[in-house]
Amino acid sequence: MQISQEKISLRQPDDWHLHLRDGGVLKAVVAPTARVFRRAVVMPNLQPPITSLQDVVDYRKRIESVIPKELAFTPLMTLYLTDNLSPEILKEGYSEGIIFAVKLYPANSTTNSASGVSDLENIYSTFETIEEIGLPLLIHGEVTDPDVDVFDREAVFIDRHLDPLLQRFPNIRVVLEHITTDNAVQYVQSSNSKLGATITPHHLHINRNAMFLNGFRSDFYCLPVVKREHHRISLRRAATSGQPCFFLGTDSAPHLRGFKESACGCAGIFNALNAIESYAQVFEEEGALDRLEAFSSEFGPAFYGVPFNKGTISMVRSSQTVPEKFNVYKTENEFEYVVPFHAGEQLNWCFESTSY
Ligand code: NCD
Ligand code: ZN
């Protein structure tokens, strides 16, 4: 890694948690990610979700067909765990290299999770297989119990479900996705090296006040929902700590404007336009730019046991104003849009180029 006042060059990063969607949105959002990141773990919560190996193969082809030719980008595919997914499918999918990981959504915890797992205890035999074959298990860590306050759902999930799961299956490689609380930071820090966590740019930048600034702002609504300031501070410390259990996962989750504005607006923040610059800003503010490369490009591959990328990316110090809208074309002239994270704000760093 090379850092000067004006330029940063670092090993090419990977995004360990990404939503690419499908159809016109997929076509629009793949390029901003692929020009910066070499690989990305692609989430399976489409409508309907990716629950069979054939779904995975087909979705991968649709993604590959829209990657710009000049960019090298590998989607790492995931399967969506349901109450009745057969362990044989996991064995076959993993041994044949079709799936990179399996994703666990507690049923109804977030966008398109209705077919998720209704009770973890019911699929303990599936966890046995997951542990035995060494398949990474990616967890959306929130309870869905309506009696639990929405701001407590991650912490309660850790106590009620994650801890018992890891006690029972201590060798499963688990990623607690997009962590949002000091409780999660402490839990991951104190666990063995088989538990990792991804941290998003938005959870490092905003706290829950952002959702209520002069009115309700659905652009800042995501799940797990952003929390109090002390949690954000804890996440910033964790991300910039140089501890290998914390690594980059943007959770970039585009929703067309109409779905964000509706009376029951969708959860998700689209940050793929400037994710690496957004992280760089946080690391600089924390005086930890020298640790950005490890977080973005080394701790993830080390956790998953895959090679580090060989290429590099560069960013230059140049103030950029993030666009207010990102257009998604339906036809040549007809389009809808997604509002990007940091819309209308200035970022200090600007992505320059990738060399492979
Ligand atoms: C994600 C989405 O829109 O698919 N939304 C979100 O708020 N993060 C789902 C998820 O990762 O929870
Ligand atoms: Zn996500």
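Residues 870 to 1225, numbered by our numbering, are exactly what the sequence shown covers, in order. All residues carry an ideal CB built from backbone N, CA and C; glycine is no exception. Computed from a predicted structure; not experimentally measured.
#1: For lysine 972, does the three-state DSSP call read helix, strand or coil?
#2: From glutamate 1081 to isoleucine 1075, what distance separates their C-alpha atoms?
#3: When the Cα atoms are used, what is the spatial distance from isoleucine 999 to proline 1113?
#4: Give the C-beta separation of valine 925 and isoleucine 932 to the nearest angstrom, bearing in mind that I take them to be a contact with Cβ-Cβ under 8 angstroms.
#5: Is phenylalanine 1026 helix, strand or coil when you go by DSSP?
#6: Can you give me the C-alpha to C-alpha distance between leucine 1006 and alanine 1122, rounded to a whole angstrom?
#7: Where does phenylalanine 1089 land, buried or exposed, given buried means 16+ other C-beta within 10 angstroms?
#8: Any heavy atom of the ligand ZN closer than 7 angstroms to the CB of alanine 976?
#9: If I'm right that serine 982 touches asparagine 914 with Cβ under 8 angstroms, what's the distance once you round it to whole angstroms?
#10: Among Phe1085, Leu1064 and Val1054, which has the Cα closest to the Cα of histidine 1278?
#11: Using only the heavy atoms of the ligand ZN, determine whether one of them is closer than 7 angstroms to the beta carbon of alanine 1122.
#12: Asparagine 1083: buried (16+ other C-beta within 10 angstroms of its C-beta) or exposed?
#13: Rounded to whole angstroms, what is the Cα-Cα separation between valine 1095 and proline 1070?
#14: The alpha helix (DSSP H) spanning valine 1151 covers which residue range?
#15: Helix, strand or coil, according to DSSP, for asparagine 1217 in the structure here?
#16: For the putative contact between glutamine 1215 and serine 1188, defined by C-beta atoms under 8 angstroms, what is the C-beta separation to the nearest angstrom?
#17: Got a sec? Which residues, its chain only, sit under 7 angstroms from alanine 1066 by beta carbon, not counting five neighbours each side?
#18: Which of the three DSSP states is assigned to glutamine 871 in this structure?
#19: Please name the residue, chosen from Leu1035, His1072 and Phe1204, that lies closest to alanine 897 on a Cα-to-Cα basis.
#20: Among residues of its own chain, excluding the 5 on either side of cysteine 1091, which ones have a beta-carbon nearer than 6 angstroms to its beta-carbon?
#21: Exposed or buried, what is glutamate 1011 when buried is set at 16 or more other beta-carbons lying within 10 Å of its beta-carbon?
#22: Do the CB positions of tyrosine 1148 and glycine 1180 come within less than 8 angstroms of each other?
#23: Which residue marks the beginning of the beta strand (DSSP E) containing glutamate 1205, and which one marks its end?
#24: Can the beta-carbon of leucine 1142 be found less than 8 angstroms from the beta-carbon of proline 901?
#25: Straight-line CA distance for alanine 970 to serine 873?
#26: Going by the beta-carbon positions, is the gap between leucine 1117 and proline 882 smaller than 8 angstroms?
#27: Please specify which runs of the alpha helix (DSSP H), each continuous and at least 4 residues long, are wholly inside the region 880-961, giving them in chain order.
#28: Just to confirm the assignment, what range does the alpha helix (DSSP H) spanning glycine 1174 have?
#29: Leaving out five residues before and five after valine 1025 in sequence, what residues of the same chain have Cβ atoms less than 7 angstroms from its Cβ?
#30: Do asparagine 1177 and serine 1166 have their CB atoms nearer than 8 angstroms?
#31: If we call anything under 8 angstroms between Cβ atoms a contact, is tyrosine 974 one with histidine 1030?
Put simply:
#1: strand
#2: Here residue 1081 turns out to be phenylalanine, not glutamate, going by the sequence shown. So the alpha carbons of these two residues sit roughly 11 angstroms apart.
#3: 23 angstroms
#4: About 11 angstroms; that fails the 8 angstroms criterion.
#5: helix
#6: 20 angstroms
#7: buried
#8: no
#9: 6 angstroms
#10: Any answer about residue 1278 is impossible in this case: the structure gives the chain only from 870 up to 1225.
#11: yes
#12: exposed
#13: 11 angstroms
#14: 1144-1154
#15: strand
#16: 5 angstroms
#17: Val1044, Leu1045, Ile1048, Ala1053, Val1057, Cys1114 and Phe1115
#18: strand
#19: Phe1204
#20: Ala1136, Gly1137 and Ile1138
#21: buried
#22: no
#23: 1204-1207
#24: yes
#25: 37 angstroms
#26: yes
#27: 892-903 and 922-933
#28: First-last for glycine 1174: undefined, no H or E at that position.
#29: Val1012 and Val1017
#30: The amino acid occupying residue 1177 in the given sequence is phenylalanine; asparagine does not appear at that position. Cβ atoms of phenylalanine 1177 and serine 1166: closer than 8 angstroms.
#31: no
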